[in-house]
Each structure stands twice: as C-alpha cells, then as structure tokens.
Amino acid sequence: MRPIELRVKGLNSFIEEQKIDFNKLTERGFFGIFGPTGSGKSTILDGITLALYGQVSRKSSNYINTNCDSLNVSFKFQISGVEKKIYIVSREFKRDNKTGNPRTSRAKIIDTTNGVEEILADKAQKVTEKCEEIIGLGLEDFTRTVVLPQGKFSEFLKLEGKSRREMLERLFNLQKYGNILSIKLSREIGKEKTESNLLTGELKGYDEVSSEKFNLKNEELECARNQLSNANNELKEIEKKYKSSEEIWNLQFELNSYKEQERVLNYKSSEIEEDKIKLKLAEAALKVNPYVLAYENTLNEGNEIQKEKESLEINFKKLKVERESSEKKLLEITEKKDKEIPELKLREQKVSDVIEEKNKLDILDKEIEEITSKVQVLREKYKKEKNNSVIIEDSIRNTTINIKELEEKFESLKIDDELKAKIQNGILITEKYNLFKKNINNNKNKLTNINKEIENLKVNFAELQKIYKVKSNSLNKNKDELENLIKHCPGNQEDLLILQKNLTNCNEKWEKFNQYSDEIKKSKLLIEELEELLKKGKDKKFSIDNELLDLKEKYKKCEIENLAFRIRMNLKNGEACPVCGSLEHDTKSKDKLIDDIDDDIVNQLNNKINEYEINLKVLEQDITIYNTKINSEEDKIREKNLQIENLGEEFKNIVPKDLESQFNRLKKDLENYDLKKEILENTLIQLKDENHKLENDSEIISTLIKEKETQVNLINEELAIDIEELNNTKEKLNIIIRETKVSDFNKKSQEIVNIEKEREILSKKIKEFRINIETLIKEKDQVQENLNLITEEGTHARTSLNEKNKNREEKIKIIKDKLEKEFNLIDDSNNIDENKLFMLLDSIKKEIECIEKEFKSIHELKDIICIKYESCNEKFISIVAKENQIIKRCEIEKENLNKSLKSENFESIEEVKANIIGFNDIEILKAKIEKYKEDLSKIKGAIESSVKKLNNREVTEEQWISIQNSVKEKKLEFESLNEMKIKLEEECKFIDNKLKELKDLLIKKEKIDHKLALLDDLDKLFKGKKFVEFVAITQLKYISMEASKKLKEITNGTYGLEVDENGKFIIRDYKNGGAERDASTLSGGETFLTSLALALALSSQIQLKGTAPLELFFLDEGFGTLDDNLLEVVMGSLEKLHNDKLKIGIISHVESIKNRVPVKLILTPAESGKGGSKVRLERS
C-alpha cells in the first residue's frame, strides 16, 4: 500500500481542512514529520487509521475537535501489484447528542483506477471490511507495521528472564496462548467439574427407576383398560334406553303445555273480534283523510295569497317614485364627470412627468458629488504612493550593504574538513572506551547480583522441598480418613427412600381411612335431613292437589255460566236461539244476569289455578331432587365402605410416629456422612493443587538456577573480551590526541557545531536579505504601476464631472417648461420644492377619485331600484294568476271530498277525524290479529303432531327417575375406571421418561469424564508458559534471520544478528572475524541500528498476513537521546534503506535533526483565536 493524499478536518488539534500530499512528501524516499509536542504529529497516523478502520489506534473516543461539530477525513492510496489500483476512502463523524461520543454519519470507499469512480461500499462497517480485504491487515497489525516504536526494541535486545518472555508475548501477540489460555483452561476445568458433580447428584435421584417397575405398571394399565372397555359398553346400552325414555317424557310435557296454550287463546277470541271492527273503521278513515287534508290546505293557501297581493300593491307604488328620482340624479353626475375629469387627468400627467424628471435630477446630483469626492481621494492616494516609492528605494540600498557584510563574516568562519573528521573519530573512540569501561563495571555488578540471586534461589528451593514433604504427609493422612469413612457408611439414599415410601404409604392410608369415615358420617346426616324434607314436600303436594281440584271445578262452572251469558247477550228478537231454538227472549233476565256474572271472579280463579300449578311443579321438582340426592348419598356410603375395605388391615398395626423417627435418624446419619465426606474430598483436592503448585515452583526455581549459572559463565567470557578491547581502544585514542592536540573531543566538537550553527544562521540571514531585496523591487514596480493607474483614473473622472454638470442644466430647463402655471414651485436658485409637487399631484388625484366615486354610487343605486321595481311587478302578476288557480282547485277538491265521504259511509269530516288512528297503531292491530290466528293454528298443529309422535307410548315419573339414577351410577363407575387408567398411563409415561433421562445422563457423564481427562492433559502441557516460550522462540528465529539481513545492509556487512537456543540475541561482529558479542556490549549507535533492523524485520513478518505490501513506515521515538555523531551514522543507514518500494518517515520534535532530512512536513500547533494546527511542506 502506497499513500497518495490525506485530508483531515476537525480531528484533534486540526480545525480547518489540512491536505498532505504523500507523493511530494515521499518523492526522495526519506522524509520527516516535525513539530512541537501537541502540534498533531501522531494525529496524521490517526487520520489514516480513522479513514481505513473507523477508529484510532490509541482507542480514544474523544478525537473530534471541541470547536467542531463534525470530523471529515479522506485518504487516497495505491495498491501495487500486477495491476495498480487506486482507492479513495472517506468518512464523516458527528457527535452523538446523548453520549457526546463520535458517531459515523457517512462512509464510502471508491475505486478510481480507470478514471471512473466505482463505489465499492457506502456503510461504515462494510467500508471497514472492504479496507481490511484490500490491505489484508486489521487495525492492530496495520499500526504495528506502519509505526515502529524504536525504544521498545532497544530495550528488548538487552532484556533477560521473565521480562524478555513477557515482551516476546506482547510483540508476537501470544497472550492468547499464555495467561489468557491458562485462565480459560482453568475456567473450563472448573466448569466441567461442577457439571460432573451435578450429574452425579442427579444420577442419585434415579435409584428407584427400573425396567421391572415399568413392566409391572404396564400390566396394571392393560387390566384397567379392559375394565374400562366393559363399563363403556354397559353405559352405551343404558344411554340408549335413557334417550328413548327422555324423548317420551319430553313429548308428554310438550303436549300438556300446548293444551294449556290452546285454552288461553280460546279465551281471547271476543277481544280479537272487537279489534277487527276498530281496524276496519280506521282503514276507511285513512282512505278519506287525504281528501280532507287537500281541501283544508287549499283554503289556507287562498287566504295567504290574498294577504301577499295587498302587500305587493303598496310596495310597487313606492318603488316607482324612487326610480324616477335616481334617474334624474344620474343624468346630473354624468354631465359633471364628462366635463371635469379629462382636464384633471391632463394636469395629473404633467405633474407626474415633473416628479420623474426631478428624481433623475437628484440621481445626477449624487453622481456629481461622488465624482468630486473620488477626484479628491485620487489626489491624496497619488501623494501617498509617491512617498512609498522613495522609502522602498532607501530600503533596497541598505539591504545590499548588509548582504556584503554578512558574506565576508560567513567566509571567515570556515573550518578544515579533515580536522572535523578527526574530531568526530576521536568522539567515537572516546565513547567506545567509556562504553567498554562501563560494560566491565556493569558485568562485575551483574556477577555479584547473579551470585546472590543463585544463593537465594537455592534457599527457596530447600524451603519448598520441606513444605512439599509436610503437604504430602497431610495428603496421605487425608486419604486414609476418607477410605475409613466410606467403609463405615451408615447406609445409602435407597434405604432412606424405602423408609420414606413406607412412611408416606402409612400416612396416606390413615388419612384416607379418617377421610372416608368422616364422609360416611356426613352422608348419613344428610340423608336424615333429606328424608325429613321429602316427607314435608309430599304432605304439601297432597294438600295442593286437593285444593287445585276444587278450584278447577269452580272455574269450569263459572266458564259455562259466562258462555251462556254471552250467547244471551247477543240474541235479538226474531233470531233463533242456538241452544233451544226459541225466537222470543227474556230481556229482563239479561239485566239480571249481568248483575250475577262478574268477570273479576273468573280471572281470580284462573290466576289461583296457575299459581297452584306452578307451586305444584316446583314441589314435584324438589321431591325428585331429594330422592336423587338420597340415592346419591347412599351410593356414596357404599363406595366409601368399599374403599375402606380396599385399604386393608395391615396399616392399622403400624404407628406412623415410630416409622418417622426411624426415617429422621437415618436421614441425619446420612447428612453427617455426606458433610464429612465432602469436607475430606475438598481438603484432598486442595492439598493436591497445593502440591502441584509446589512442584511447579520447584521446577521453575531449578530452571532459574541453571539459567543464572549459564549467565555467570557468559559474563566472565564477555568481561575478558571487554578488558582486551579497552586496552586496544586506549592506544587508538592516544594517537588521535597527539595528531589533533585536543584532549576534550566533545568540547571541541561542540565548538565546531556552534561555529557551523553560526554559519548556518548567517547563511539563512543572507538568504532572507536576498528575498527581501526581490520583494522590495517587486513592491517598487507595483507602486509605479499604481501611480500610472491613479493618473489615468483622475483624468477620466474630471471629464465625466464636466459632462454631468452640463446634463444637470438641461434637466432644470425641461422642468421649468413643464410647470408653467405652477412656476412658484421653483425658487431663484433653480431648486424645486418636491413636497409641494407631491401635494399638488395628491389633490388632483383626490378630486378625480371623488367625482368617480359619486358617479359609481348613484349608478349602483339606480340599478338596485330598477331591479327591485321589475321584481315587484313580476311577483304581482304571478300572485294574481295563483289566486285564480286556487279558487278553481278549491271547488274541485270539495266535490271529491263529498264523494269520498259518501262511498265510505261517513256523515261528516268530524266523524272521519274521530276514527283516524296512526299507521303504527293499525299495523299493531293487524299484527295482533294475524298473530292470534297463526298462534291458534300452530298450537292445534303442535297438539296433533305430539299425539302422533307419542303413538300411545307412556313413561311414568317413577320410571323416568329410575332410568336417570341408573345412568348416573354407570357414569360414575366409568369415570372412576377412566381416572385409574389415566393415572396408570401417567405413571408409565413418567417412568419411561425417567429411563430415557437416565440413559442421556449416563452418556453425558461419559462425555464429561472424557473431556476432563483431555483438559487435564492440556493443563499439564500449558503450565509455566512452556508453549508460549516455544512459539515465541520459533517466531524469533525467523525474525532474527530477516533482521540480520537488514542489519548487514545498514552496516555494510559489519554486523549480523542471531538467536541462541534460549532465545537470547547474539551479535556477529564480522569486522572481527564474525566474533559473537552480547547485545549489552553494543554502543548507543550500534544498539539503535540493531533495534531498527529488528523492528523492520517484525514489520515484514506482520505484513505477511496482508494481501498488499506496505510501501511506507514511520520511526517514532529513539532520536532524542542520540548525539550529533550517532545521528550521522543513523541517518546514513536510513538513507541506504529506502528505495522505490519502501519510503521511510521520521516522527520527532527534536529540532537538531530537521536539516538532515531532505523533505519535511512541518506542523504548527493550534493558537487561540487563530485556528487549529497547520501543515506545510519544506525541502532542504
């Protein structure tokens, strides 16, 4: 991946949009990013990671600038391969209103390879995934590859023991194989052990479940099913008989009900006859009523028209007078309008023209004033520019003199290059001498410290062995106690369950025995109460039956007398009697009969009979219920006695309290046993873990002792080499001191550096003065150009001013000609009073408007009066025609009314009105009559149908009650057997499910035991981070080979890098025949170069994960601690590293290395009130 362009806005210290062109920045292969702390150097890397991955490598969530509401970032990059691809990825972030954290509001990645933009993804997550797919690296790997933190690798070169292992783990991202994996493994072992213990506990709950018990329950279920099938067949037979009896019983009840309804309908027949006569008269009245209404409406309409006619005559006369008056006024105003308005319009136009000309004159005056002011400004500007020209010429002369003086001083400070080289060499040799001296002292101190550490480790090892022996004895003792406890076990859960089952069965049987006995007593008491109620009910029924017979006799007698009375009442002289056939009838006896017969008595008798019959039915139902309940309770007593017999006699010989105390005793013994066993087992596990830990600690200490002893041997060897090197270096140093006659090379080097800095400052000043001269010459030319432009502009302004004054005089003349009569509006100075002009125009307009308004109002009034007059005339003609029509219609409607009265046999209109009833009332009467007919017909048909259905069949009340009881008994028996069958099915299903669960639990237990064995093997494998160390050393060997190549390339084959079998770095010094050196013997510059090679090798290793090579990396840290001489070495090495496919950048805030970098990106920190951080490109 090669970066092309980065744009950021609103990120950390960047407020305004800043653009970084990487093509220019990396054109020489080696560049630097410089700026003070907080200027935003690291923010550039944050911008790249935000664009590609949507987050910064520092995991911060507060990266939007506090002065901005949003953050925009765009990154253009190229992927080099067989075919080059160019992509642009851009994102926008906004603050979340609730949390204040950044939230992606827009994101997209575009392929612009062929000049055509193709959107590859436009959602935040999809864009991140696409970037990872293109580059082949995630955020963490990308950051570790692009930014090489130099200080960590120089530290890593010299680390030993635990610190080195921990750093290896971090560098190669092996935490997941170290502590993290161990923790996961421990959690998994604990989890599986817990599950294993739970399964063991669950399996104890299945001790009672067995296949034999399941088969026994199945046999019981089969027997219950056969009994249920037989009971079902018997129930079906009884139900057939019950249905047949129920049908006959219901038909008998229906027939009695229909006969009662027929009697009630026959009683209502006379009332229906009266309703028929009333209906006939009402229908006739309704036929005549429309003629009555039409006649009356016509008479009323005639009266209304007569009143309206009189009113219109008065109004017509009044409107005629008003019309003549309005026509006269309209004629007068029309003459005035035609004469005065044309003159006023002409005056209005003249005044408007004058106002327009006056406006133009005002504009012209303003233009004259502006041009006059402009001429004055140009004169002042010309003077100012002339003065500037003189000042610039003086500055050019002074600057030229300063340059000559500085150039002379610059040449006088020049130092011989050969002397500089010898001084630098002297510094290096001095540093090397001091380093060897320091290394010798360090190694001696190390030897002392390591020997002390070895002694302490041996003491710790001996103490651990003693503790291990004590713990082993405790472990053996604990094992013996556990075995002894298991031998003397008081019993098991199965014994406890058998006792619990016996106790439960005994308690259940005693509870059932007491329950059944109580229920029998309650049933006997209830039967006694019901028999008493039954006796009272039967006595009351007998009494009501006798009273009802007497009432029915009286009612029958009254009904016969009532019927005879009605026949006599309807008999007329000359008509034959339907009973005796006589033609003469005694009217006196009629009057006497009316007094004797009272309808109220008949009604009272009928109501009493109905009341008694209802009471009788209620009593019959109560008696039936009492009989049913008594039978039910007797059945219940028999059933409970049978259930008591089924309980047996054995349980009566057992005392539940004795059995319960035996159960509690065993339960307590088992609980104590389980508690002791659990404590011993936990103690055993704890002791095993402690012994295991002690073994590991002993092994670690033993390994450390061996490592320390190896280190002592290596340090002794290094010490001998360093002493020899120290003597050689001292000889070289004495030779250079004699040649240069300088004893303090660092001081002399600092003097040379100061002189070089002074020369550099002088060079910059000369450059600045030359730039100033160029700027001053340009300013002088610009001033002269300005003078020429001012002269030209002044000439043009004066010409325009003369033309404008001439035009003004012409305008004033035109206005004077147009005003004529109103000449008093212009004063002696040719000034026009604009307010008077507008007042004059306003008065003319008002006069015109007044005349037009008056004409319009009179014309409108005349039109309104004419419309009213015409309307009134039309209405009068119409009302006269209507009056004639009404008179004719009234005569016709009177004749039609008389005909209708005669045809319907009415004497007058009043008689018709008396017989009128509402349509609803008529419909009610019709419905009532029709319903009566229909009900009577239905009842007769129902009686006939019921008689046919019965077909001489009969069921007595006693037979019906007996059949009902039989059905109930058989249903109870069926339900009892069905419940027994369901209970057995549930028990079989429960045992079957438990057997399946037991099988599953055993399989699960086997799997967990197998998994625990595997986890135990893994736990032994990963103890002491042996696996992590193995992987890290293997990785380190590959990286050291790559680092050795880089180091040889940087140092021109002087040094190489290797790793021994313990993962310790060894430096190959090829200038001394490939001699091995410890990393701690390297000088500052050598350490820097070695750690740089190591960092590059790690970057290459991480890049192997990616799909596209990264053509850029940054070196962060490491430069601030190097002096100028070492910087020269490092810079030279970095120059050798870069090429077309690898660009190297330095991130630093150290000013002294700026001039050593060919291309620089300078960052200026944000300033309050002046915006955010700024970037600019500089070249040396």
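First residue of the sequence shown? That's -3 in the working numbering, and the numbers climb one at a time after it. For every residue, glycine included, the Cβ atom is placed at its ideal position computed from N, Cα and C.
Contact between I392 and L772 holds: CB atoms are separated by about 5 Å, below the 8 Å threshold. By the neighbour-count criterion, in which a residue is buried when 16 or more other Cβ atoms sit within 10 angstroms of its Cβ, Y622 is buried.
Short of 8 Å from the beta carbon of E477, and not among the five residues preceding or following it, lie these beta carbons of its own chain, in chain order: L676.
Less than 9 Å separates the beta-carbon of L402 from that of F765.
Counted as a single uninterrupted DSSP element, the beta strand (DSSP E) harbouring Q74 occupies residues S66 to I75.
Distances from the alpha-carbon of L326 to those of I999, I854, E1057 and S1144 put I854 closest.
By the criterion of a C-beta distance shorter than 8 Å, L612 is surrounded in its chain by K537, I540, D541 and L544, once the five residues flanking it on both sides are discounted. Per the coordinates, the alpha-carbon of K1150 lies some 35 Å from the alpha-carbon of E128.
G96: not part of any alpha helix (DSSP H); DSSP gives it neither H nor E. When the Cα atoms are used, G533 and W956 turn out to be separated by approximately 19 Å. Between K104 and D118, the C-beta gap is smaller than 9 Å, which places the two residues in contact. Put simply, the backbone Cα of S206 is about 43 Å away from that of H688. Going by beta carbons, I463 and I701 fall outside the 9 Å limit.
When the Cα atoms are used, L547 and K924 turn out to be separated by approximately 31 Å.
Judged by pairs of C-beta atoms under 8 Å, the segment 960 to 969 does not touch the segment 278 to 298, as fewer than three such pairs exist. Excluding the 5 residues flanking it on each side, L277 has same chain C-beta neighbours closer than 8 Å at N911, in chain order.
The beta carbon of G790 sits closer than 7 Å to those of V371 and L374, all from its chain and outside the five residues before and after it, given in chain order.
Distance check between F71 and each of N19, V651 and K728 places N19 closest, using alpha-carbon atoms only. At a Cβ-Cβ threshold of 9 Å, G28 and I1143 count as neighbours. In terms of CA proximity to F509, Q639 leads the group Q639, K807 and Y378. Taking all protein chains shown into account, T109 has fewer than 16 neighbouring C-beta atoms within 10 Å of its C-beta and is therefore exposed. With 16 or more neighbouring CB atoms inside 10 Å of its own CB, F741 falls in the buried class. Look at the beta carbons and you see the segment 720 to 738 not touching the segment 467 to 485: under three pairs across the two are nearer than 8 Å. Here V78 is not near L2, since their CB atoms are 9 Å or more apart. Beta-carbon to beta-carbon, V708 and I446 are separated by about 6 Å, close enough to satisfy the 8 Å threshold. L1032 sits away from L1043, with the two beta carbons spaced by 9 Å or more. Under the three-state reduction of DSSP, E695 is assigned to helix.
Residue environment analysis places F249 among the exposed positions, since fewer than 16 neighbouring C-beta atoms fall within 10 angstroms of its C-beta.
Nearest in C-alpha terms to L1092, of all of E754, S1040, I863 and E1072, is S1040. The alpha carbon of L1078 has as its nearest neighbour, out of N1058, G1069 and I1062, the alpha carbon of I1062. With a threshold of 16 other beta carbon atoms within 10 Å, R87 meets it and is buried.
Nearest Cα to I423 within the set R1073, Y287 and I732: I732. DSSP, reduced to helix, strand and coil, places P338 within a helical segment of the structure shown.
Distance from the Cα of E23 is smallest, within the candidate group K37, P(-1) and I40, for P(-1). Residues of the same chain with their beta carbon placed closer than 6 Å to that of N668 are lacking, with the five preceding and five following residues left out of the count. Three or more Cβ pairs closer than 8 Å define a contact, and the segment 317 to 334 falls short of that threshold against the segment 893 to 910.
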